[in-house]
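J.: Position one of the sequence shown corresponds to residue 28 (this note's numbering), numbered consecutively onward. Here a beta-carbon is modelled for each residue, glycine too, at the ideal position from N, C-alpha and C. Please read all numbers here as calculations on a predicted model, not as lab measurements.
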Amino acid sequence: STDDGDNFTAITLSVIDVAITADTTILGLVQGSYDNASLYTLSAEGAVDTGVSGAWSHVATHPDDVNFWVVSGSTTASYTANGATGPFTEMVDPEGLSHAQKAVIRPSGRIYLGNEYSDDNGTAWANGSFRNWITFDDVNGYVYTQSDRGVGRSDDDGITYTDKITGMTGVTVNDLAQD
Numbered sequence: 028s029t030d031d032g033d034n035f036t037a038i039t040l041s042v043i044d045v046a047i048t049a050d051t052t053i054l055g056l057v058q059g060s061y062d063n064a065s066l067y068t069l070s071a072e073g074a075v076d077t078g079v080s081g082a083w084s085h086v087a088t089h090p091d092d093v094n095f096w097v098v099s100g101s102t103t104a105s106y107t108a109n110g111a112t113g114p115f116t117e118m119v120d121p122e123g124l125s126h127a128q129k130a131v132i133r134p135s136g137r138i139y140l141g142n143e144y145s146d147d148n149g150t151a152w153a154n155g156s157f158r159n160w161i162t163f164d165d166v167n168g169y170v171y172t173q174s175d176r177g178v179g180r181s182d183d184d185g186i187t188y189t190d191k192i193t194g195m196t197g198v199t200v201n202d203l204a205q206d
């Protein structure tokens, strides 16, 4: 779609993940041969193969930088700061990355992958002290995660969390989403 989802053009590809760049370009990760996917740009005119492929199952984009993309798979993650022209630089795998995780890129440039985050494009990773479920409130600048007592909220981009449990007595949080 090029009109905010009002109309769609049919394409016959097995798209396994999508992301939208800051300039609204739609990226589609298309399943190829076993454990290999190709990155396409998708538009009303059709799908265009960028010529980039790898053992990936997820693609993520920076909310402000149209050329900063992260692709990740079951045992690898890579990034580019040059969009489709690449190159994609392999990141050091975060500790504990054992299955496909989708990266999240914050406006600050911080990359979240699994339970870890990186401020240097994946050269080093830090434990985010959060669980598998994480969501972001970009309006107020908060990061939310599951905590031992309910929901934790961070005011510092996920470095520390404060339990926000008022009214949540006896509640187990299994998933979070931002509306």
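(1) Indicate whether residue 169 and residue 182 have their beta-carbon atoms separated by less than 8 Å.
(2) In terms of alpha-carbon separation, which member of 177, 149 and 131 lies closest to residue 164?
(3) Would residue 93 and residue 44 be called neighbours here (beta carbons separated by less than 8 Å)?
(4) Classify residue 145 as buried or exposed, calling it buried when 16 or more other Cβ atoms lie within 10 Å of its own Cβ.
(5) Compute the distance between the beta-carbons of residue 78 and residue 64, then report whether it is under 8 Å.
(6) Please report the straight-line C-alpha distance between residue 153 and residue 143, rounded to a whole angstrom.
(7) Between which residues of its own chain and residue 148 is the CB-CB distance below 6 Å, once the five residues before and five after are set aside?
(8) Among 177, 172 and 53, which has the Cα closest to the Cα of residue 42?
(9) To the nearest angstrom, report how far apart residue 86 and residue 115 are at their CA atoms.
(10) With a threshold of 6 Å on Cβ separation, who are the neighbours of residue 71 within its own chain once the five nearest residues in sequence on each side are excluded?
(11) Within 10 angstroms of the Cβ of residue 99, are there 16 or more other Cβ atoms? Answer buried if so, exposed if not.
(12) Judging by CA-CA distance, which residue of 150, 91 and 111 is the nearest neighbour of residue 134?
(13) If you draw a straight line from the alpha carbon of residue 136 to that of residue 56, how long is it in whole angstroms?
(14) Determine the extent of the beta strand (DSSP E) in which residue 186 is found, giving its start and end residues.
(15) Are the CB atoms of residue 104 and residue 95 within a distance shorter than 8 Å?
(16) My parser needs the beta strand (DSSP E) runs of 3 or more residues fully inside the stretch 86-173; what are they?
T.: Looking at the atomic coordinates:
(1) As a working note, residue 169 is residue 142 in the sequence shown. As a working note, residue 182 is residue 155 in the sequence shown. Yes, they are a contact pair.
(2) The sequence position of residue 164 within the sequence shown is 137, counting from 1. The shortest Cα separation from residue 164 among 177, 149 and 131 belongs to 131.
(3) On the sequence shown, position 66 is the one that residue 93 refers to. On the sequence shown, position 17 is the one that residue 44 refers to. Against a cut-off of 8 Å, the Cβ pair of residue 44 and residue 93 comes out as no contact.
(4) By 1-based counting over the sequence shown, the position of residue 145 is 118. Residue burial annotation: residue 145 is buried, with at least 16 other C-beta atoms found within 10 angstroms of its C-beta.
(5) For the purposes of this step, residue 78 is taken as the residue at position 51 of the sequence shown. For the purposes of this step, residue 64 is taken as the residue at position 37 of the sequence shown. It is not a contact, given that the beta carbons lie outside the stated cut-off.
(6) If you number the sequence shown from 1, residue 153 lands on position 126. If you number the sequence shown from 1, residue 143 lands on position 116. Looking at the two C-alpha atoms, the distance is approximately 5 Å.
(7) Reading the sequence shown from its first residue, position 121 is the one you call residue 148. Contacts found: 106.
(8) Your numbering for residue 42 matches position 15 in the sequence shown. From the listed residues 177, 172 and 53, the smallest Cα separation to residue 42 is found for 53.
(9) As a first step, residue 86 is located in the sequence shown; it is residue number 59 there, counting from the start. As a first step, residue 115 is located in the sequence shown; it is residue number 88 there, counting from the start. One C-alpha to the other measures close to 12 Å.
(10) Along the sequence shown, one-based indexing puts residue 71 at 44. Excluding positions up to five away in sequence, the list reads 29 and 36.
(11) Residue 99 sits at position 72 when you count from the first residue of the sequence shown. With 16 or more Cβ atoms within 10 Å of its Cβ, residue 99 is classed as buried.
(12) Residue numbering aside, residue 134 sits at position 107 when the sequence shown is read from its first letter. Residue 134 has its Cα closest to that of 91, out of 150, 91 and 111.
(13) The count along the sequence shown starts at 1 and reaches residue 136 at position 109. The count along the sequence shown starts at 1 and reaches residue 56 at position 29. Straight-line Cα distance between these residues: approximately 22 Å.
(14) On the sequence shown, position 159 is the one that residue 186 refers to. First-last for residue 186: undefined, no H or E at that position.
(15) As a first step, residue 95 must be located in the sequence shown, where it is residue number 68. As a first step, residue 104 must be located in the sequence shown, where it is residue number 77. No, Cβ-Cβ distance for residue 95 and residue 104 is not below 8 Å.
(16) 96-99, 104-107, 138-140, 143-145 and 161-164
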